[in-house]
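As structure tokens, the structure follows; a few thoughts come after it.
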Ligand code: GP9
Ligand code: MN
């Protein structure tokens, strides 16, 4: 009886912790429903039923160990979710070296109230302390070790039982628990998987949607299973029919997007400098705080450049590396982990390699550890001649994680000067990384009402990076590179500051879900072209996948031999921009998926009225978005571009 009570206590305590995690997920407005709770109880039983087969002491120890491990997992997920709005997966764990580098960032994600997650440990320690005190006082026959060892009373009783009876009872209890756990877990999951979550186990487009079906333990079990399936068996083979329809899709996209118009090849032979700026969002471009422009240099450059005012970042768990891959490889990121880490050995058509085939030199610049996001390996696979990492820079302006952007861009420019022209240079900035706290002597923006908040710090960090951009433009002019270089500047992803109130306060208006979708997903894209150019704003939706096809167009390089999914921003064709979550925007509509990923639970918006539209109007965009995400996922899974290329050269 005591054994069962202890076991029930373990399940109850762990359930409370899972509920605590659930209530901290911003994406969830609702409490766990009854079925979700049953799944959680069931999966806790499945995780621990075997402890009932152990003798009492063994069971106590096993439950304590399970409690510690599971509590750590829940807490790690909780903290990780606060930053990434996602759960830790096996590929993320394989990037665990990066967690060290997050250092201060991780610390700022911890909350005092988190201690409640460990309350049972504290109670347990108090219990131990009290027992040992009583023991020291010599009062009572209880020995501290009776917690783990059979009491003399039990020993006497056990002796009177046959070993077989005890064994049979334990076996029966464990088996009953296994059965109960399976029913509680798989019953409701089966109901979900055969109704609203029908596509989830085939598409797996979003960790949160999966979690909503399986609960946290199920999510991790499924993720581990997926990882093992991906990596522990023979290489998966792409079915012929699927390969043919993928190739057909690419042929159609190439035919539609490869328009030989006036701008095709207009800047052929130009150098290209692409700056991917950390967490540089679009909402504050052109805006002021306390009468001071946040991005005065970008605003000035816009007057003589092409600026895409509705440019979407298309990143997922791989954050900076996803932005890099979407922009250079024109494919979607993975639902889980980073392509840089999971598939550096796969074949992709990427901008540096394509430009190298066309006589360019190609170099990557990032003043940080070369191993972060597996760049060292991935950049050499992408065809860069050289990757300039932290060790190639003089750390004369230490800031945040590494070198300040001003010095980073200055030193990178110096390194570019002797390069063989035309060159392609890809630069990734870092100073405006979360949590955005710059030392006072660097702060130049009076953020007024935002001073002392993370949002104020963010504006300050962006203002600094903007100044670095201005200085780089000046440097390029001095060097004489300005006139034969296409300068591209875009943001990698959002700033992870989710509180709508900051944006409402900053923009001075209340914001809808559509406004927030745009704010959190739009980053600026500025393209400065050689020669005189009057500033132009392109307000149609565009996204990071479109960068490589568009640059190839300007250089007059045909996209036909390559497998690139993005739009050509100079084709004059309609554009569909799909995000990893399945959200999309085209010229008229935007679609925001619901938590379960089902079409009808999403919201369709009319971009003219900015109100909601009947969801069926978004059906076509939804289906095409799903097709694109699946093609991209299949390319990753089957290393399909390698096969396509082999077939193409036969
Ligand atoms: C570090 C930098 C930051 O090298 O790219 O990555 P993020 O945390 O934004 O993905
Ligand atoms: Mn980043």
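Residue numbers (this note's numbering): -16 to 633.
Quick reminder that beta carbons are idealized off the backbone N, C-alpha and C, glycines included.
| Asked | Found |
| --- | --- |
| Residue 631, buried or exposed, once every other Cβ within 10 Å from all chains shown has been counted against 16 | exposed |
| Three-state class that DSSP yields for residue 625 in the structure shown | helix |
| Exposure label - residue 390; buried when at least 16 CB within 10 Å | buried |
| Spatial neighbours of residue 323 in its chain, beta-carbon cut-off 7 Å, leaving aside the 5 residues before and after | 301, 304, 308, 356, 357, 358 and 361 |
| heavy atom of the ligand MN below 6 Å from residue 261 C-beta | yes |
| Identity of the residues DSSP links to residue 347 by a beta bridge | 370 and 409 |
| With 16 other Cβ atoms within 10 Å as the buried cut-off, status of residue 328 | exposed |
| Cβ-Cβ separation, residue 573 to residue 497 (assumed contact under 8 Å), whole Å | 6 Å |
| Continuous beta strand (DSSP E) stretch holding residue 521: start and end | 519 to 521 |
| Helix, strand or coil at residue 619 according to DSSP, with G and I counted as helix | helix |
| For residue 587, the residue or residues it bridges with in DSSP | 574 and 596 |
| Rounded straight-line distance, which links the Cα of residue -1 to that of residue 175 | 23 Å |
| In DSSP terms, what residue 526 is bridged to | 295 |
| Whole runs of the alpha helix (DSSP H) within the stretch 460 to 503, excluding any shorter than 4 residues | 483 to 490 |
| Cβ shell of residue 637 (< 7 Å), same chain only, five flanking positions each side left out | The displayed coordinates of the chain run from -16 to 633. Any statement about residue 637 would go beyond what the structure contains. |
| Residue -7 vs residue 46 beta-carbon contact at 7 Å | yes |
| Residue nearest to residue 547 in terms of C-alpha spacing, selected from 620, 420, 624 and 225 | 624 |
| Residue 351 Cβ short of 6 Å to the ligand GP9 heavy atom set | yes |
| Rounded C-alpha distance that separates residue 63 from residue 163 | 32 Å |
| Cβ neighbours of residue 418 in the same chain (closer than 8 Å, five flanking residues each side left out) | 87, 88, 91, 437 and 440 |
| CB of residue 473 within 7 Å of CB of residue 425, strictly | no |
| CB of residue 410 within 7 Å of CB of residue 385, strictly | no |
| Those runs of the beta strand (DSSP E) which lie wholly inside the stretch 273 to 319 and span at least 3 residues | 289 to 291 |
| Residues near residue 353 in its chain [Cβ-Cβ closer than 8 Å; skip 5 each side] | 359, 370, 372, 373 and 374 |
| Backbone secondary structure at residue 415 - three-state DSSP | coil |
| 8 Å contact criterion, which residue 458 and residue 396 should meet: CB distance rounded | 5 Å |
| Under 7 Å between C-beta atoms of residue 469 and residue 512 | yes |
| Residues of its chain near residue 73, where Cβ-Cβ distance is below 7 Å and the 5 sequence neighbours each way are ignored | 206, 207 and 210 |
| For residue 561: DSSP bridge partner residues | 567 |
| C-beta contact flag for residue 577 and residue 585 at 7 Å | yes |
| Local conformation of residue 219 per DSSP, three classes | coil |
| Closest Cα partner of residue 245 within the set 539, 515, 201 and 558 | 539 |
| Residue 303 beta carbon near the ligand GP9 (any heavy atom closer than 6 Å) | yes |
| Coil, strand or helix - residue 329 by DSSP | coil |
| Cβ-heavy atom distance, residue 475 to the ligand GTP, below 6 Å | The model on display carries the ligand GP9 and the ligand MN but not the ligand GTP. |
| Pairwise C-alpha distance: residue 159 and residue 527 | 53 Å |
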